[in-house]
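Single-structure report; data block below.
There are 2 protein chains.
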Amino acid sequence: MRIALAQYNYHIGNFDFNTQKIIEGIKDAREKGADLVVFAELSVCGYPSGDFLEFNDYIEKCYKAIDEIASHCMGIAAIVGAPHRNSNPKGKPLYNAAFFLQEGQIRQIYLKGLLPNYDIFDEYRYFESATEFKSLEFKGKRIALTICEDLWNLYDNPLYTINPMDELAKEGIDFMINIAASPFAWDHGGERKNMLSQNTRRYKIPMFYVNQVGTQTELIFDGGSMVINQHGEIVHEMKSFSEDFSIISLEEAFTKRGDIPSSEIDSDRKATNIYSALVLGIQDYFRKMGFEKAILGLSGGIDSAVTMVIAADALGAENVTGVLLPGPFSSDHSVKDAEDLAKNLGSPYHTINISDTNLAFEKNLKPFFQDLPFDITEENIQSRTRAIYLMALSNKFGYILLNTSNKSEAAVGYGTLYGDMCGGLSVLGDVYKTEVFELAKYINKNKEVIPANTIVKPPSAELRPDQKDSDSLPEYDILDRVLFQYIECRKGPDELIKMGFEKSLIDRILKLVNTSEYKRYQTPPILRVSSKAFGMGRKMPIAAKYLG
Amino acid sequence: MRIALAQYNYHIGNFDFNTQKIIEGIKDAREKGADLVVFAELSVCGYPSGDFLEFNDYIEKCYKAIDEIASHCMGIAAIVGAPHRNSNPKGKPLYNAAFFLQEGQIRQIYLKGLLPNYDIFDEYRYFESATEFKSLEFKGKRIALTICEDLWNLYDNPLYTINPMDELAKEGIDFMINIAASPFAWDHGGERKNMLSQNTRRYKIPMFYVNQVGTQTELIFDGGSMVINQHGEIVHEMKSFSEDFSIISLEEAFTKRGDIPSSEIDSDRKATNIYSALVLGIQDYFRKMGFEKAILGLSGGIDSAVTMVIAADALGAENVTGVLLPGPFSSDHSVKDAEDLAKNLGSPYHTINISDTNLAFEKNLKPFFQDLPFDITEENIQSRTRAIYLMALSNKFGYILLNTSNKSEAAVGYGTLYGDMCGGLSVLGDVYKTEVFELAKYINKNKEVIPANTIVKPPSAELRPDQKDSDSLPEYDILDRVLFQYIECRKGPDELIKMGFEKSLIDRILKLVNTSEYKRYQTPPILRVSSKAFGMGRKMPIAAKYLG
């Protein structure tokens, strides 16, 4: 038996596009002699579809698409993912389902049992959890077809009370197929492989695994579909960060050998993977929104430099315009560093001095401010004036403005709402400042794309004379270590102090994080590359008073 | 038996504040001769606590608070709400629980069975659903204690597969207690009363119901706690939109008579209730954030006028500053209407003409824009310039900027990101334009607070010569009817056309709504007054392509 794995990029709600893509995949697989072609979780409508799933019309369109897809399954079988109505009047109205299509018909429907409902996942919002599981028979083989999370309940501390694969295994299974929509996080790839490998070793049968690829706004699906043999060894691994298509026979799955994945995080590949994920993140967001060109403010600092390099890689250097916006406190080197970067990339750049506009604001505010001292207000005016110029160019010429804030700044609220926090998409909002430096090093590995001075100079917002980030914030290497423990690991103050951090430092940082929720509420979508990004996967109340 | 209902306003994560408040309530109840005092759902930590529930430290603080509260339960029993750890290694780590405290001890813990996970609710994110239910014995009476949603599974099309009250009823119950955190929506109050009343009629016993009151950022909890007799009649109803405290005996609950609530929506009270909810919404947000003063832009239009009146009611007229920001296309009447409003309220107001700042932007952009025609870009510059002035005053003097956008505009994206879409809190973002007019009428019921001209003139953004909203949008009475069906009722295009709307109109409006997600993503928190507000209760993908 020959099985095709179709690792495709779907567009949420774009039924014509997804259906056509799936039908092409079926034709391709048949031409190449496959018996069965497998597509990802919720491939028909795209994942995550959000509250569109609450519209009858949306579900009807899913069924209509499945009928059309099924009509192309002649001489080949296919597995596609789509929502399925719950016929029991009790419980949520839908299931997250996999449709097995054969000879023009829906032959069988598998319902997902384990519904992730944490971090960026909220499947209980829409779906009922299945409690009965039935295997599939195809060409004399018995297949355990499962959906993504269904295989993720092997740990000592299980999140769910049932284990679908344990039920299916009772039926005497020949091999497993799992269809997934598993998003990228830099420390998740190893964990995913390890979990899938554990499953094949536990049930002593091979597995065919098909993941989505592509960006759905903030979520980056990295693909990396694979075939694992009954010994837990990866015998075939598909591309990361791009579409791919493979045909593997069941015989190969049983007989080929490979490596058992390590559960360790490959830290060497961290910067490479984050970089590739962000390139795909920008590229696919622009494509799905119907845009081609980006604009961003170039300060001469490392955040805007790294953002611009990634954007140039994603969209083409000629499609990324840098704008230098020197103000009353900008240093000469900032302008030069920014120009050098644009020249190195071969990207267009413009310069607009904001000083006169800034003065116009200050003049009109003078009757109100009188002789009150310069404070954060005047800093914010500069930042917001820049945003108006960037948005004006963006509006007039149809660019998307890229936001250049990093995760450390976003965490402690070191940024101006409606100023440097503007943008259609945040590229580095899930990348700590120390990781931005790692990305810069990776970018400059072979040649100096980012000017050395941008990397070595002390970070500064340049909104008052001789300002440095370290005037207001702890040094980034300490700050980022605390932030990682608080945000990613959810360590509380006592636990952090036990780890050796000073109480005053912890109190200061946690207060900054918790009292900045109101700012983060209004930030652009952030490309998610970690296991805990700001945005849809981290839900914090604003008007709270906890550790702040 | 005398039962005290403590309808209080809790502050999320503020354990000292909540604990103190609960202890005061216990003392008060005991002094007044109550045997039992009942507090709302998750009263110890506040509802909704969001991802703070993922911190061990947060849960530890809950237990510590409960111990302290229990130590005050001498000669009186109390029921408080708090998370409780799941001792089973399988499943989610917490339960949403009610603690029955007596003689200094935790006597019994009830676990919530039905966890709402739709609209603004996401309890499955944190909590495991209980499947076994046990009643409480107190002073010779058997009590069915349940938590909020546990009673909401009586419909023909039940959302859940279990019904906790059916299980509890088997134990021979004398009366019910339900503790809740049930947020306000203008069309929800009748439904809530009706559901509670149905429960008392089904089980033929009375119910004591305690709801939270107060605002948790966007969510407005309206209180309205009540006692219902075994005939489904409301025999005691507590205040809406403010704290309250009542003691009712079990004898009264059985013998007093009242009215069975109607399931119809009291449309007369719609404007009154929305108005009161928004007053509480502003008041409590400011209090919990530690602010006293608000600022807002006054355009002379109806949205800013209604916002200012509500804010003045919430914070005191002297604490709300209106800023007139006339620009190149502002009409004389706009300035006069805005001034008249501020004078009618007795609120401070300032005027800043934005024309010269606007010119400074246009001059610096001239080299890029050349002779390109005036378009949305120049409109946005005006709106964003205003935002800079408002934010500068807000930053310098410690005001919160109130956003004045209405739900119709927010729906179709008729607003400028980082311009009029700015603010710390959106007051009218869940109020359709036609409902804003209803609020204005309600405000002016007894005297002309809002200048008549503000109400009668055609809505305009005044960002280009002789502009009217109706140049770009359908008339609001038609627009709002379509929006209500699409947003609140989730009707798809075919269903809308069947209702009699024209296809071209539906296509146009649905496209505007769906392609504006990227703007709404970055709007301030919106005070929720309907059953489907933009924000946490409506999750839509941005880079999708459905009906747009």
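Line by line, the protein sequences are chains Z and A. For the first sequence, numbering that gives the first Met the number 0 begins at 0 and goes up steadily by one. For the second sequence, numbering that gives the first Met the number 0 begins at 0 and goes up steadily by one. Backbone N, C-alpha and C fix where the C-beta goes; we use that ideal spot for every residue, glycine too. Note that this is a predicted model, so its numbers are computed, not measured.
For the ligand MN, I want to know if A:L167 counts as a neighbour, meaning its beta carbon is within less than 7 Å of at least one of the ligand's heavy atoms.
The ligand MN is not part of this structure, which contains no ligands at all.
Mind checking if A:E53 is an interface residue toward chain Z, Cβ cutoff 8 Å exclusive?
yes
Exposed or buried, what is A:E102 when buried is set at 16 or more other beta-carbons lying within 10 Å of its beta-carbon?
Counting Cβ neighbours within 10 Å, A:E102 comes out exposed, since fewer than 16 surround it.
Chain A beta carbons: is any one of them nearer than 8 Å to that of Z:T522?
yes
From the DSSP secondary-structure annotation, give me the bridge partner or partners of A:I294.
Answer is A:T320, A:L400, bridged to A:I294.
Would you mind giving the Cβ-Cβ distance between A:F174 and A:I142, rounded to the nearest angstrom? I have them listed as a contact below 8 Å.
6 Å
Following the continuous alpha helix (DSSP H) through Z:F560, name the residue where it begins and the one where it ends.
Since the first residue of chain Z shown is 0 and the last is 547, residue 560 of chain Z is not available in this structure.
If we cut at 8 Å on Cβ distances, does Z:A542 have a partner in chain A?
yes
In terms of residues, what are the limits of the alpha helix (DSSP H) holding A:T145?
Premise fails: A:T145 lies in the beta strand (DSSP E), 140-146, not in any alpha helix (DSSP H).
Z:Q215 touches chain A at which residues, Cβ-Cβ below 7 Å?
P540, A542
Excluding the five sequence neighbours on either side, which residues of its own chain have a C-beta within less than 6 Å of the C-beta of Z:E461, listed in chain order?
F328, S329
Which stretch, first to last residue, makes up the beta strand (DSSP E) that contains A:A5?
1-6
What residues in the region 112-132 of chain A bring their beta carbon closer than 8 Å to a beta carbon of chain Z?
Within the region 112-132 of chain A, the residues whose Cβ lies closer than 8 Å to some Cβ of chain Z are N116, Y117, D121, Y123, R124, listed in chain order.
Determine, using beta carbons only, whether Z:F290 and Z:I399 come nearer to each other than 8 Å.
yes
Can you tell me which residues form a DSSP beta bridge with Z:H235?
DSSP lists Z:V226 as partners of Z:H235.
Could you give the C-beta distance for A:V43 and A:C72, rounded to a whole number, given that I count them as a contact under 8 Å?
Not confirmed; about 14 Å, so no contact.
Taking the straight line between their C-alpha atoms, what separation do you get for Z:K89 and A:V481?
30 Å
Under 7 Å Cβ to Cβ from A:G223, same chain only, skipping five residues before and after it: list those, please.
Here the set comprises G188, N210, E236, M237, S239.
Step through the CB atoms of chain A and report whether any lies within less than 8 Å of the CB of Z:F368.
yes
Please name the residue, chosen from A:N394, A:F396, A:S425, that lies closest to A:K406 on a Cα-to-Cα basis.
A:S425
I need the DSSP call for Z:M175, collapsed to helix, strand or coil.
Three-state DSSP puts Z:M175 in a strand.
Comparing C-alpha positions only, which one of Z:D370, Z:A341, Z:Y475, Z:V308 sits nearest to Z:A439?
Z:V308
Across which residues does DSSP place A:Q215 in a beta bridge pair?
Answer by DSSP bridge pairing, in chain order: A:L218.
Does A:L158 get closer than 8 Å to chain Z when you measure Cβ to Cβ?
yes
Checking contacts by CB at 8 Å: is A:Y202 closer than that to chain Z?
no
Who are Z:A97's beta bridge partners in DSSP?
Z:G80, Z:Y109
Determine whether the beta carbon atoms of Z:L195 and Z:L150 lie at a separation below 8 Å.
Remark: C-beta atoms of Z:L195 and Z:L150 approach each other more closely than 8 Å.
Quick one: list the residues of chain Z neighbouring A:K502, beta-carbon separation under 7 Å, in chain order.
A:K502 does not reach chain Z, its nearest Cβ partner there being about 14 Å away, counting only Cβ pairs nearer than 7 Å.
Output, in chain order, the set of chain Z residues within a Cβ distance shorter than 7 Å of A:H187.
None at all; the shortest Cβ gap to chain Z is about 18 Å.
What in chain Z is Cβ-close to A:D576, meaning under 8 Å?
Residue coverage of chain A in this structure runs from 0 to 547, which leaves residue 576 of chain A outside it and unanswerable.
With three or more beta-carbon pairs closer than 8 Å as the criterion, would you say the region 4-20 of chain A touches the region 447-460 of chain Z?
no
If we ignore side chains and look at the alpha-carbon of each, how far apart do Z:R124 and A:K544 end up?
21 Å
Along chain Z, which residues have their Cβ under 7 Å away from the Cβ of A:T271?
What A:T271 touches in chain Z: nothing, since even the nearest Cβ is about 25 Å away.
Would you tell me roughly how many angstroms separate the C-alpha atoms of A:D121 and A:Y159, rounded to the nearest one?
15 Å
For A:E501, does the count of other Cβ atoms within 10 angstroms reach 16, so buried, or fall short, so exposed?
exposed
Start and end of the alpha helix (DSSP H) containing Z:V308?
Following the DSSP letters along the chain, one finds Z:V308 inside the alpha helix (DSSP H) bounded by residues 301-314.
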